[in-house]
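Below is one structure; the comments refer to it alone.
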Amino acid sequence: MSVGAFAWLPQGLPLWAAFLLVGLSFFTSALTATFGLGGGLLMLAVLAQTLPASVVVPVHGIIQLGSNAGRAFVMRRESAWGAMLPFAVGSAFGIGLGGALNVNLPSAVLQAAVGLFVLWSAMGTPGVAGGFGRLGLLGGGFLGGFLGMFVGATGPFAGAIWRRHGLERRAFVATHAASMVFQHGLKILAFGALGFAFAPWLPLLALVVASGFLGTLLGKRLLDRLDERLFQSSLKAILIALGLQLVLSALWEAWRG
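All the letters of the sequence shown, read from the start, carry residue numbers 129 to 385 under our numbering.
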């Protein structure tokens, strides 16, 4: 097959990396649709090893927007839309502030803060005191949106918030997906306004998103068969693992200087 057949790939991206991202999108979307979390951070870790650092967060944002949009659409009747409003408003302000600052904040410190919050929330009981309340959701959306402009991996942060809100497994997956659609959508607009060129990546990302939608359909079938208690215990374990990974990788980054 001629080299010209792959001219639609972003310049400098090897063919094996493109196939890896398409296949990984299926797996990570199925994982997140089944257990609510985990796929986004795994995708981010692979992107960080595959792509130039300057494009990792924006490209991850589009992949996660597509993955979460498919999940939010398939499970739209399960979402807690009333709780979404204050979270979405907070996200808009947080992303606006993060984009306006346009500075290099210490990513290790921010990542460690996200990890510690995730660990603290995972150790608690789901639904304590009715969750965080409207003000808490507003603040959580603000912090998640702001941090997402700098560290990318805020899915566990939002997941920790929705877990404390006491949602049933289908409602958790659907609401988390809808909240991530809003955050990633605004984040992409902010990166576009800051001058990031998305166009060279769109053909590949279309394949990645399509693969992710197929993974979502599989994950939804697995979620429907999953016992509620098993889901909640698995979600707690995933949150603890993700929180520890964020803290340890932040410490490693700080130690390397």
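We put the CB at the ideal spot given by N, CA and C, even for glycine.
**Request:** Flag this pair as yes or no: are the beta carbons of Thr303 and Ala158 separated by less than 7 Å?
**Result:** no
**Prompt:** If you drop the 5 nearest sequence neighbours on each side, which residues of the same chain put their C-beta closer than 7 Å to that of Met277?
**Reply:** Ile223, Gly226, Gly227, Lys315 and Ala318
**Request:** Using beta-carbon positions only, say whether Ala299 and Glu381 come within less than 7 Å of one another.
**Result:** no
**Asked** What did DSSP end up calling Glu296 once you bin it into helix, strand or coil?
**Response** coil
**Asked** Exposed or buried, Val256, counting other C-beta atoms within 10 Å across all chains shown (16 or more means buried)?
**Response** Model confidence at Val256 stands at a pLDDT of 48, short of 50, so the residue's coordinates are unreliable and nothing is read from them.
**Prompt:** What do you get for Gln311, buried or exposed, if any count of 16 or more other CB atoms within 10 angstroms of its CB means buried?
**Reply:** buried
**Prompt:** For Pro138 versus Pro284, is the C-beta spacing smaller than 7 Å?
**Reply:** no
**Message:** Please report the distance separating the alpha-carbon of Ser130 from that of Val185.
**Reply:** Any answer about Ser130 is weak, because its pLDDT of 45 lies below 50 and its placement is not dependable; what the coordinates show is given next. Taking the straight line joining both Cα atoms gives about 31 Å.
**Request:** Using beta-carbon positions only, say whether Val309 and Ala197 come within less than 7 Å of one another.
**Result:** yes
**Asked** Along the chain, which unbroken stretches of the beta strand (DSSP E) at least 3 residues long are found entirely within the stretch 158-215?
**Response** none
**Cβ neighbours of Pro214 in the same chain (closer than 8 Å, five flanking residues each side left out)** = Arg262, Leu263, Leu265, Leu266 and Gly269
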